[in-house]
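For reference, the structure discussed in these notes is given below.
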Amino acid sequence: MVLSCTCGKNCINISSDVLHNIHSFYKPCNQCSDFQLKKFKPLQEQIPLEKIDKNWGKCECGKRHMDVVMAHILKIMIEEGIKPIKSTLRMVGTPLITPGYPTPHIPYLPKKSLIIVDKEINKKCAERLFYEVKEIKGVLKGDPKKTVGIKDFNSESYSYELLMGCDMRCDIVSYPKGDICIYKNQKEIHIEFSRSQSPKIEKIMRAQIKYDSPSLLDSTCGPGTLGIAALKLGAQKVVFNDIWPPAVEMTLLNLEVNGFTVESVKDQNEIISSKKSDKLIASGEKFEVYCMDVRNLAKVLKQKFDIGIVDTFPGVKNHEIVESLTGLCHEVIVI
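First residue of the sequence shown? That's 398 in the numbering used here, and the numbers climb one at a time after it.
Structure, rendered in structure tokens:
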């Protein structure tokens, strides 16, 4: 499987390449300046907006303090009429650094390391942000409070709109034996912020230690985070499934990125086409990947799994999913 981004640039790397310098990626050098901008005070009351440009606050190492970058973004949004003149830094949409990593300090951003999500932004403003703020990798229009993907059985899908740049992000996710890299086309994948420890993975680990090389069914796998962690923790087999085709595409990519070779893949159109997706999409030595309604899994999967994983979006009633796994799994874990 080729690790390529739709933007045509080198946005995707294997996990070892991403992780080897992650501890210093956002670290300031000795010459980087610290900035004390207040998040809840109007920006124009703290500094004249005309002073803010691409070089303001930039160190010779090429990085800028996160607050400086956000101030630059806010200045352009104010000039374009997207935000009112008395706006604060807290009003600048949702910033997503890439790689997403829980730094012990405010991150200092290099070029192309930030994706911004805002529900009010327009194309003209997005173009200015992309070309004038060098740290910007992509600009998405959408409501961060809405669930991206398919929330439940009765919901229509929701995606952000990519206005400029590229929305491919990588999140660094820790598990007890190290870190894994989870890539996401952010316009189509639910936002989750990286943490130094993952309670979800810890719950999976506690379940796995009760078995000798268990088999797992990750019924709502998203971009594959929990299933990949389970493989890293010694699972003999993991079946990944999600009803949302973009999530399945990211699962395949993330398996490859983290060292699990995808040996057979169905045509891309079969993943996207709902009429053809109720079947095996891809497989590897220790895994299979499906794209189908979880309620139909029992018609396709013939084996009994040790552990079933149910990880739905916040607020979603999951009893129907749990019932669908009861006959397939000895134990069902609700995350």
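Even for Gly, the Cβ is constructed at its ideal location relative to N, Cα and C.
How would you call residue i, buried or exposed, if buried means at least 16 neighbouring beta carbons within 10 angstroms?
i    : result
R603 : exposed
L400 : exposed
C426 : exposed
I482 : exposed
S552 : exposed
N715 : buried
E660 : exposed
K460 : buried
Could you tell me which residues DSSP pairs with residue i in its beta bridges?
i    : result
L446 : Its beta-bridge partners do not exist; DSSP assigns none.
T491 : V514
F702 : C726
C578 : I569
I533 : L511
Y498 : Bridge partners of Y498: none, in fact.
Closest Cβ-Cβ distance between residue i and chain C: below 8 Å?
i    : result
I533 : Among the chains in the structure shown there is no chain C, since it carries only a single protein chain.
Rounded to the nearest angstrom, what separates residue i and residue j at their Cα positions?
i    : j    : result
K455 : I706 : 46 Å
F702 : V635 : 9 Å
M647 : P501 : 28 Å
L559 : I569 : 23 Å
G712 : T544 : 11 Å
H417 : T403 : 25 Å
N452 : I547 : 41 Å
S412 : G656 : 8 Å
L737 : E529 : This structure cannot speak to residue 737, because the chain is shown only from 398 to 732.
A644 : I598 : 18 Å
I409 : Y580 : 8 Å
S674 : C688 : The predicted model places S674 with a pLDDT of 49, which falls under 50 and marks its position as unreliable, so this point remains unresolved.
S680 : M398 : 12 Å
G562 : G619 : 23 Å
I730 : I678 : 24 Å
With a cut-off of 8 Å on the beta carbons, I'd call residue i and residue j a contact; round off their distance for me.
i    : j    : result
I503 : H469 : Actually they are not in contact, since the Cβ atoms of I503 and H469 sit about 15 Å apart, beyond 8 Å.
I513 : G490 : 5 Å
L486 : D464 : 6 Å
T622 : I718 : Between I718 and T622 the Cβ distance is about 18 Å, and since that is not below 8 Å, they are no contact.
Y572 : S556 : Actually they do not touch by this definition, with Cβ atoms about 28 Å apart.
Entirely enclosed beta strand (DSSP E) segments - the stretch 607-690, minimum 3 residues: List check, beta strand (DSSP E) in window: 612-615, 634-638, 677-680, 684-687.
Uninterrupted beta strand (DSSP E) stretches inside the stretch 543-575 (no shorter than 3 residues): Listed in chain order, they are 558-562, 565-572.
Runs of alpha helix (DSSP H) wholly within the stretch 452-485 (minimum 4 residues, chain order): Listed in chain order, they are 463-476.
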